[in-house]
Amino acid sequence: MYELLNRLTQTFGVSGNEEPIRELIINEIKDKVDEIKTDALGNLIALKKGNADAQNHKKFMIAAHMDEIGVIATHIDDKGYIRFSNIGGVSPYTSIGQKVEFKNGITGVVSYEQKLDDIKNLKLSKMYIDIGTKSREETEKFVKIGDTACFCGSFVKQGDFAISKAMDNRAGCAVATEVINILSKTGTDNDIYFVFTVQEELGLRGAKTAAYQIMPDYAIAVDVTRTGDTPESHIMEVKLGEGPAIKIKDSSILCHPAVKSLLEAAAKRANIPYQYEILEGGGTDVGAIHTTGGGVPSGAVSIPTRYIHSPTEMISLKDLENAAKLVAEAVR
Amino acid sequence: MEIKSILKELTKENGASGYEHNVSQILANHLRKYCDDVQVDKLGSVIGRKKGSNPSRKILITAHYDEIGLLVTSIDKEGFIRFTKIGGIDPKILLATEVVIHGKNSIPGVIGAKPPHLLSPEDRNKTMGLQDLYIDTGMNYEEITQYVSIGDYITFKPVSLELKSNYFSSKALDNRCSFASMLVALEELKNLKHECDIYFAATVQEEIGLTGGITVSYNIDPDMAIVVDVCHGDMPDVPKEVTFPCGKGPAIAVGPVLNKKFTNKLIDKAKYENIKYQIDVEPGGTGTEAWATQVSRCGIPTVLISIPLRYMHTAVETLNITDLTETGKLIARFAASLTDEDFEKKEEIPAWICKF
């Protein structure tokens with residue numbers, strides 16, 4: 004699975020510019036699903052058909068957002084430096100000294116105004132991207148305002164751990180893809196709609212329109228979550244390597260008990276380690292899905308991840324594999 | 012078309028968010044001059060349809076017509092009125108403004124506060140908050156309670172000013188100026204052929220949560236949407252990155268929540284027609300109805316055009332008339348240029364996704 008994760012994380016897909024990552028996922032899954040379509044907003048929707056005659060035949064939606072955070076060029080100065088704003092949650096402090104890559108492959112360095120009196124006053128508006136050009140005209144040959152860039156963060160596998168940019172949420176995309184692989188072998192009674200959503204980082208936007216079209220019986224989001232296992236971290240029970248986390252709540256949703264029980268039962272049945280997630284800040288796609296139409300009972304399986312929204316997001320590959328097994332067992 | 016007198020007419024009437032009913036018929040009458048049919052929907056949004064020659068495609072153009080305002084929260088024993096906000100208002104700009112309270116009658120009032128002479132030295136350097144301000148109508152408790160009760164809404168006293176060099180100032184230019192630009196567009200469309208049905212919607216309650224934008228885009232279910240609103244004009248001591256010079260044409264938004272294909276077409280059209288425009292980079296939420304229309308139903312390709320406006324959310328919002336007329340021209344020529352081929356292939360939601 005890590006080979007796929009490597010390719011997924013390293014492919015460009017800043018919110019609103021998900022085309023490259025979508026192409027990669029299409030190629031990965033198109034031969035393994037019954038139907039596939041890109042919708043008006045750019046969501047990729049794929050169906051793995053179940054047995055319509057099966058008892059309790061249901062319609063499941065599995066949502067994994069494929070967009071990643073990044074930056075957008077807002078202004079180019081006379082000397083060719085690029086001023087930028089954030090797409091999604093970008094901390095100025097983690098941005099210092101990072102490399103960013105525009106969709107066309109142009110790489111820049113993120114730095115800040117040297118006159119800054121106190122690093123506490125650092126804001127993105129005091130920062131700039133340097134692509135090594137000498138004038139506005141020269142910069143404009145490569146980058147124009149409105150262009151987006153992702154952070155660079157190479158993929159490293161070390162024992163069970165993997166580090167990369169965009170684990171949020173290519174880890175979820177890898178899980179959804181693996182669920183498709185598993186179901187291709189086991190078959191499924193239920194109809195499973197896999198949705199690789201757009202613009203989650205901007206406010207769960209793709210999931211909303213996708214759910215409106217599908218109106219599933221149940222929805223499960225696969226996304227990353229924070230952990231409480233680093234030095235002096237916030238109190239949170241989730242730990243890296245202790246299994247996928249069944250979401251209880253975050254700031255976007257209180258998960259439906261039916262979906263929570265479904266996931267617990269699947270984990271016990273298949274002997275998969277799991278933990279519970281209560282995320283104090285942040286949301287995920289089911290936050291938008293569960294209030295769509297007349298309501299969709301929803302839950303989520305989260306991949307414990309350290310250093311979320313940095314170019315060095317860290318996960319456990321074991322958790323990743325178990326997340327896929329858990330979701331596949333729960334929905335089929 | 013006398014644009015300044017139209018602006019005066021549009022901004023004179025009061026219609027705070029949720030209380031737009033005084034304005035809706037004025038807008039409907041304007042739309043009736045140009046549209047094939049006009050209706051006011053359940054929440055108060057005013058929608059005019061101008062039929063195209065090949066009505067298989069629908070374009071929705073929206074501009075909200077509510078304005079920010081205040082709401083009576085209590086009346087004290089002396090008859091002074093305390094209030095809260097409808098929409099985003101900075102309490103700093105309220106002191107010493109003239110307002111109208113919309114009770115049983117329209118009652119004029121002024122917003123007062125403790126004068127600086129009587130403030131303690133520490134308080135003198137503090138800015139006034141909402142809790143320090145009140146409205147004085149001249150009436151005592153017994154008199155005022157005959158006309159005003161808790162929950163009545165309040166708007167700025169309408170005063171419009173023609174400034175030099177084609178500038179214009181008034182309350183409620185956010186966003187009645189965009190409605191005026193729609194009228195410019197409708198006037199232009201008299202001389203243009205257009206294939207698509209074009210819906211002109213003046214929407215309600217944008218300032219308190221995009222309400223009209225949500226419901227209108229759901230009801231009309233267009234093939235694409237053009238949202239017209241205001242952006243910050245250039246002002247002293249404000250960084251260039253967040254403002255747009257007045258008089259240099261409308262700002263076309265680019266960013267992740269706007270449709271790239273139609274935005275590029277819009278920019279190309281502006282270039283082709285020699286209409287001045289500026290680029291407005293929007294990294295996330297635009298603070299406009301475009302945020303709602305894009306994710307309505309299965310997702311609606313949306314573009315955003317903004318008219319630069321100084322002193323937004325005050326009684327002296329100021330703009331350059333040229334930006335308004337250029338916006339109208341651009342909308343009309345862009346909408347008229349769109350044909351069936353410009354849209355994605357028309358398809359129902361495939362049966363494998365949903366059968367409803």
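Line by line, the protein sequences give chains A and B. Residue numbers 4 to 335, in our numbering, belong to the letters of the first sequence in order. Residue numbers 12 to 367, in our numbering, belong to the letters of the second sequence in order. Cβ coordinates follow ideal geometry from the N, Cα and C atoms, glycine included. These figures come from a predicted structure and were not determined experimentally.
Specify, as a first and last residue, the run of the alpha helix (DSSP H) that E20 of chain B falls within.
In the second sequence, residue 20 of chain B corresponds to position 9, counting from 1. It spans 14-23 - the alpha helix (DSSP H) in which E20 of chain B sits, taken as one unbroken run.
Pick helix, strand or coil for H113 of chain B, following the three-state DSSP scheme.
The residue you call residue 113 of chain B lines up with position 102 of the second sequence. Looking at H113 of chain B - three-state DSSP - the assignment turns out to be strand.
Chain-order list of residues whose beta-carbon lies under 6 Å from that of N230 of chain B (same chain, five-residue window excluded):
Taking the second sequence and counting its residues from 1, one reaches residue 230 of chain B at position 219. Excluding residues within five positions, none has a Cβ falling inside 6 Å.
Along chain B, which residues have their Cβ under 7 Å away from the Cβ of N89 of chain A?
Within the first sequence, residue 89 of chain A is the residue found at index 86, counting from 1. Under the 7 Å cutoff, chain B gives P294.
If you check the beta carbons only, do E284 of chain B and A264 of chain B fall under 7 Å apart?
The residue given as residue 284 of chain B occupies position 273 in the second sequence. The residue given as residue 264 of chain B occupies position 253 in the second sequence. Cβ atoms of E284 of chain B and A264 of chain B: not closer than 7 Å.
At a Cβ threshold of 7 Å, is P2 of chain B touching chain A?
Here chain B covers residues 12 to 367 and nothing more, so residue 2 of chain B does not appear.
Using DSSP with H/G/I as helix, E/B as strand and the rest coil, what is Y30 of chain B?
Taking the second sequence and counting its residues from 1, the one referred to as residue 30 of chain B is at position 19. Coil, per DSSP.
Determine the closest residue to K271 of chain B out of A:M64, A:N20, A:D121, with distance taken between C-alpha atoms.
Against the second sequence, residue 271 of chain B aligns to sequence position 260. Ranking A:M64, A:N20, A:D121 by Cα distance to K271 of chain B puts A:N20 first.
Using the rule of at least 16 other Cβ atoms within 10 Å of the residue's Cβ for burial, across every protein chain shown, is Q216 of chain A buried or exposed?
Here residue 216 of chain A is taken as the residue at index 213 of the first sequence, counted from 1. Looking at its Cβ environment, which holds 16 or more other Cβ atoms inside 10 Å, Q216 of chain A is buried.
Short Cβ contact (7 Å threshold) for C207 of chain B with P319 of chain B:
Taking the first residue of the second sequence as position 1, residue 207 of chain B is located at position 196. Taking the first residue of the second sequence as position 1, residue 319 of chain B is located at position 308. Contact: no.
Are G302 of chain A and I195 of chain A touching if we call contact CB-CB under 7 Å?
Here residue 302 of chain A corresponds to residue number 299 of the first sequence, with the count starting at 1. Here residue 195 of chain A corresponds to residue number 192 of the first sequence, with the count starting at 1. No, these two residues do not count as a Cβ contact at 7 Å.
Cβ of V195 of chain B within 7 Å of Cβ of A212 of chain B?
Within the second sequence, residue 195 of chain B is the residue found at index 184, counting from 1. Within the second sequence, residue 212 of chain B is the residue found at index 201, counting from 1. The answer is no: Cβ separation not under 7 Å.
Let me see if you follow: with CB-CB separation under 7 Å, is V83 of chain B close to chain A or not?
On the second sequence, position 72 is the one that residue 83 of chain B refers to. So no, V83 of chain B is outside the interface.
First and last residue of the alpha helix (DSSP H) that includes S313 of chain A?
Your numbering for residue 313 of chain A matches position 310 in the first sequence. No alpha helix (DSSP H) contains S313 of chain A, which DSSP labels as neither H nor E.
Whole angstroms is fine: what's the gap from D42 of chain A's alpha carbon to R308 of chain B's?
Here residue 42 of chain A refers to the residue found at position 39 of the first sequence. Here residue 308 of chain B refers to the residue found at position 297 of the second sequence. About 11 Å.
Got a sec, what are the start and stop residues for the beta strand (DSSP E) R60 of chain B sits in?
Sequence index remark: in the second sequence, residue 60 of chain B carries index 49 (1-based). It spans 57-61 - the beta strand (DSSP E) in which R60 of chain B sits, taken as one unbroken run.
Using only CA atoms, which one of A:L50, A:I90, A:T212 lies nearest to T297 of chain B?
Along the second sequence, one-based indexing puts residue 297 of chain B at 286. It is A:I90 whose Cα lies nearest to the Cα of T297 of chain B.
I think F199 of chain A touches L320 of chain A, with their Cβ atoms under 8 Å apart; what is that distance to the nearest whole Å?
Locating residue 199 of chain A in the first sequence gives position 196, counting from the first residue. Locating residue 320 of chain A in the first sequence gives position 317, counting from the first residue. Incorrect: roughly 21 Å between the Cβ atoms, too far for contact.
Are there 16 or more other CB atoms within 10 angstroms of the CB of T12 of chain A, so buried, or fewer, so exposed?
To locate residue 12 of chain A, count along the first sequence from 1; it is residue 9. Under this definition T12 of chain A is a buried residue.
Q117 of chain A (DSSP reduced to helix, strand or coil):
Position 114 of the first sequence holds residue 117 of chain A. Three-state result, Q117 of chain A: coil.
Let me make sure I understand the geometry here. Which of B:G80, B:M139, B:L349 has the alpha-carbon closest to that of M235 of chain B?
As a position in the second sequence, residue 235 of chain B is number 224, starting the count at 1. Comparing Cα-Cα distances from M235 of chain B to each of B:G80, B:M139, B:L349, the minimum goes to B:L349.
Under the three-state reduction of DSSP, which class applies to H205 of chain B: helix, strand or coil?
Counting from one through the second sequence, the residue named residue 205 of chain B turns up at place 194. If DSSP states are grouped into helix, strand and coil, H205 of chain B belongs with coil.
Count the other C-beta atoms from every protein chain shown that fall within 10 angstroms of the C-beta of M12 of chain B, then say buried if there are 16 or more, exposed otherwise.
The sequence position of residue 12 of chain B within the second sequence is 1, counting from 1. Counting Cβ neighbours within 10 Å, M12 of chain B comes out exposed, since fewer than 16 surround it.
Cα-Cα separation between S160 of chain B and M150 of chain B, rounded to whole angstroms
Here residue 160 of chain B refers to the residue found at position 149 of the second sequence. Here residue 150 of chain B refers to the residue found at position 139 of the second sequence. Straight-line Cα distance between these residues: approximately 13 Å.
Just to check, is the beta-carbon of I249 of chain A closer than 6 Å to a non-hydrogen atom of the ligand NAP?
Among the ligands in the structure shown, none appear at all, so the ligand NAP cannot be discussed.
May I have the straight-line CA-CA distance separating P126 of chain B from I17 of chain B, to the nearest angstrom?
Translated into positions along the second sequence, residue 126 of chain B becomes position 115. Translated into positions along the second sequence, residue 17 of chain B becomes position 6. One C-alpha to the other measures close to 39 Å.
For S35 of chain B, is the classification buried or exposed, using 16 other Cβ atoms within 10 angstroms of its Cβ as the cut-off for buried?
Position 24 of the second sequence, counted from the first residue, corresponds to residue 35 of chain B. When all chains shown are included, S35 of chain B counts as buried.
Selection from B:D134, B:A39, B:K115, B:H41 that minimises the alpha carbon distance to A124 of chain B:
Position 113 of the second sequence, counted from the first residue, corresponds to residue 124 of chain B. When each option's Cα is compared against that of A124 of chain B, the closest is B:D134.
Neighbour list for S18 of chain A in chain B, Cβ cutoff strictly below 7 Å:
Mapped onto the first sequence, residue 18 of chain A falls at position 15. Within chain B, the residues near S18 of chain A are P267.
Would you kindly check if the distance between the Cβ of E173 of chain B and the Cβ of F167 of chain B is under 7 Å?
Within the second sequence, residue 167 of chain B is the residue found at index 156, counting from 1. Within the second sequence, residue 173 of chain B is the residue found at index 162, counting from 1. The answer is no: Cβ separation not under 7 Å.
Would you verify that the beta carbon of C242 of chain B is, or is not, closer than 7 Å to some beta carbon of chain A?
Residue numbering aside, residue 242 of chain B sits at position 231 when the second sequence is read from its first letter. Taking Cβ atoms only, chain A never reaches closer than 7 Å to C242 of chain B, which makes this a no.
Just checking: is the beta-carbon of E217 of chain B within a distance shorter than 7 Å of some beta-carbon in chain A?
Numbered from its first residue, the second sequence carries residue 217 of chain B at position 206. Taking Cβ atoms only, chain A never reaches closer than 7 Å to E217 of chain B, which makes this a no.
For Q216 of chain A, would you say it is in contact with chain B, using Cβ-to-Cβ distances shorter than 7 Å as the test?
In the first sequence, counting from the first residue as 1, residue 216 of chain A sits at position 213. Yes - at least one Cβ of chain B is within 7 Å of the one on Q216 of chain A.
Residue from B:A281, B:T333, B:V121 with nearest C-alpha to T148 of chain B
Here residue 148 of chain B refers to the residue found at position 137 when the second sequence is read from its first residue. The shortest Cα separation from T148 of chain B among B:A281, B:T333, B:V121 belongs to B:V121.
Does the CB of E104 of chain A have a neighbour CB from chain B at under 7 Å?
Numbered from its first residue, the first sequence carries residue 104 of chain A at position 101. Taking Cβ atoms only, chain B never reaches closer than 7 Å to E104 of chain A, which makes this a no.
Pick from B:N33, B:V268, B:I86: whose alpha carbon is nearest that of V314 of chain B?
Numbered from 1 along the second sequence, position 303 holds the residue referred to as residue 314 of chain B. The option with the nearest alpha carbon to V314 of chain B is B:V268.
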